[in-house]
Each structure stands twice: as C-alpha cells, then as structure tokens.
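Everything below concerns the one structure shown next.
Numbering (our numbering), first residue to last: 44 to 137.
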C-alpha cells in the first residue's frame, strides 16, 4: 500500500531480531520494501481493530428483535414516564 499523502510521521520500534527477520522475509516475498510492508500490514490491522470496535454485529434473531422494537416500541414503564416528566420540568418541551 503506497502512501499518497505528502505529510509523513516517523515511527520507531524495538523488536526481537527474529520478528525483524520475519517481517523482512515477508516483505521480500511480496516484492516490497520493509517500510512499505510494515506500513501496509499495520494499517490493515489498525483498520480492522477500529472497525471491530465501531461496528456492532447482531445475530439474525437480534436483528429481528431490534427491528421489531423500533417498529412496535413497548409502552414506557413508570421509571421512563418519571424521567420524561423530570426532563419536561427541567427543560420544557424542547
């Protein structure tokens, strides 16, 4: 993955020699520089980590239950009714 942005930042890391050798070998196999390989691999790992944090995945049953609760919401319970009343008292009908 070539970086197209002209702004760059430096990242330095200490790692065991065997990890360095493994990264170097993997880069050579792909015909890339070590820097390009590490940037590409770490960018993909970061993207996957962020995506798994930001995206909620639901089972088919949970998707159905979620949709049903939006389409046919339950009646508010007494605690929610009191909370609405308190909100109106504090903030009006905003």
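Heads up, the beta-carbon is just placed ideally off N, CA and C, and yes, glycines get one too. On a predicted model such as this, the values are computed, not experimentally measured, just so you know.
Local conformation of residue i per DSSP, three classes
i: residue 53; result: coil
i: residue 103; result: helix
i: residue 124; result: helix
i: residue 76; result: coil
i: residue 96; result: helix
i: residue 118; result: coil
i: residue 66; result: helix
i: residue 58; result: coil
i: residue 137; result: coil
Neighbour-count burial assignment, residue i, 16 or more Cβ in a 10 Å radius
i: residue 127; result: exposed
CB-CB length for residue i against residue j, believed under 8 Å
i: residue 80; j: residue 69; result: 6 Å
i: residue 67; j: residue 77; result: 5 Å
Closer than 9 Å to chain D by CB, residue i
i: residue 56; result: Given the protein chain composition of this structure (a single chain), no chain D is represented.
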